[in-house]
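Participant: All the letters of the sequence shown, read from the start, carry residue numbers 1 to 150 under full-length UniProt numbering. Glycine is no exception: its CB is placed at the ideal position from the N, C-alpha and C atoms. Here the structure is a predicted model, which means the values were calculated and not measured.
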Amino acid sequence: MHNPETDTNLATSISRWRTARKIILGSIILAGSMATSAALLQRYAGTNCKAQRTVAVAERGYTYSGIGAVIQQRGEFVVVRDVLPGAPADGVLREGMHLVSVDGMYPVSVEDWAAALRGPSGTSVTIEVATRCSGHKFVTLERQLIRVQK
Numbered sequence: 001m002h003n004p005e006t007d008t009n010l011a012t013s014i015s016r017w018r019t020a021r022k023i024i025l026g027s028i029i030l031a032g033s034m035a036t037s038a039a040l041l042q043r044y045a046g047t048n049c050k051a052q053r054t055v056a057v058a059e060r061g062y063t064y065s066g067i068g069a070v071i072q073q074r075g076e077f078v079v080v081r082d083v084l085p086g087a088p089a090d091g092v093l094r095e096g097m098h099l100v101s102v103d104g105m106y107p108v109s110v111e112d113w114a115a116a117l118r119g120p121s122g123t124s125v126t127i128e129v130a131t132r133c134s135g136h137k138f139v140t141l142e143r144q145l146i147r148v149q150k
């Protein structure tokens with residue numbers, strides 16, 4: 001036997017189920033969008049705008065007082081990436097050397113290292129470096145005006 005009341009209850013249940021499904025799917029989509037947005041914000045929050053400006057200035061050319069070593073962060077270490085020809089570091093520091101300390105200080109970030117290596121022309125700076133073959137050594141360099149051209 002066909003019962004019209006059962007049909008009404010079934011239709012009501014299906015309607016409620018569809019509404020609940022829409023709400024749940026909407027919540028899942030919203031949560032996914034929020035997670036994606038959070039991941040993007042975290043990714044861009046790590047962007048070093050100061051470093052990007054420094055690169056832009058370097059492309060135009062500039063002058064500073066220091067030792068003429070190009071340094072970079074490599075994992076947890078700061079290493080010599082390159083040495084400018086004719087600079088105080090030329091012939092003393094080599095690519096791949098790990099920087100350990102500068103004037104008895106232990107900078108952490110590459111920015112702190114750059115600031116510690118720079119200073120007035122004619123002043124000296126003592127750097128502790130580490131290499132794979134020769135271990136640790138101290139070198140003292142005299143800062144001079146460095147011209148970096150594009």
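(1) Decide yes or no for the touch test of the segment 109-123 against the segment 63-77: beta carbon pairs closer than 8 Å, at least 3 of them.
(2) Rounded to whole angstroms, what's the CA-CA distance from S65 to R81? Just pull it up for me.
(3) Span of the beta strand (DSSP E) holding V79?
(4) Taking its Cβ as the centre, do 16 or more other Cβ atoms sit within 10 Å of A87, making it buried, or is it exposed?
(5) What residue from V83, V108, P107 and D103 has the CA that sits closest to G96's CA?
(6) If contacts are defined as beta-carbon pairs under 8 Å, then V102 and V79 qualify, I think. What distance do you get, rounded to the angstrom?
(7) Nearest-angstrom Cα distance between I127 and Y62?
Facilitator: Walking through what the data contain:
(1) The answer is yes - the segment 63-77 touches the segment 109-123, with three or more Cβ pairs under 8 Å.
(2) The straight-line gap from Cα to Cα measures roughly 18 Å.
(3) Residues F77 to V83.
(4) When all chains shown are included, A87 counts as buried.
(5) Selected option, being the one with the closest Cα: V83.
(6) About 14 Å separates the two Cβ atoms, so there is no contact after all.
(7) It is roughly 24 Å from the alpha-carbon of I127 to the alpha-carbon of Y62.
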